[in-house]
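In our numbering, the protein residues as written are 4 to 93.
Report on one structure; see the data block that follows.
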């Protein structure tokens, strides 16, 4: 019985010593550069809160101060176009 207990203690000690002794390697950055996504203005008219990033010629877009802003609907676009500084800043 003492031999089994001694063996278990030895195994437990070995696991603690060698298991904790391993240093964590830093994570490798495998992120590749991608094209910059357009800024998105979320319109809360439909209150879904969802944003879908799909580029399609039918998507309402507004160019303002050299940037393109895409909208979920023409109604949202029209609200921002009416007062762009209010929604997009000076």
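Glycine residues also receive a C-beta, built at the ideal position from the N, C-alpha and C atoms.
This one's a predicted model, so the numbers in the text were calculated from it and none came from an experiment.
Under 8 Å Cβ to Cβ from residue 84, same chain only, skipping five residues before and after it: list those, please. So the qualifying residues of the chain are 65.
Identify the residues that DSSP records as bridge partners of residue 65: which are they? Under DSSP, residue 65 shares a beta bridge with 72.
Cut-off 7 Å between Cβ atoms - residues of its own chain near residue 77, not counting five sequence neighbours on either side: For residue 77, same chain residues with a beta-carbon under 7 Å away, outside a window of 5 residues either side, are 63 in chain order.
Residue 86, DSSP secondary structure in three states: Coil.
Should residue 8 go down as buried or exposed, given a rule of 16 or more other Cβ atoms within 10 Å for buried? Counting the other CB atoms within 10 Å of its CB gives residue 8 a total below 16, which places it among the exposed residues.
Reduced DSSP category for residue 60 - H, G, I as helix; E, B as strand; rest coil: Residue 60 falls in the coil class under three-state DSSP.
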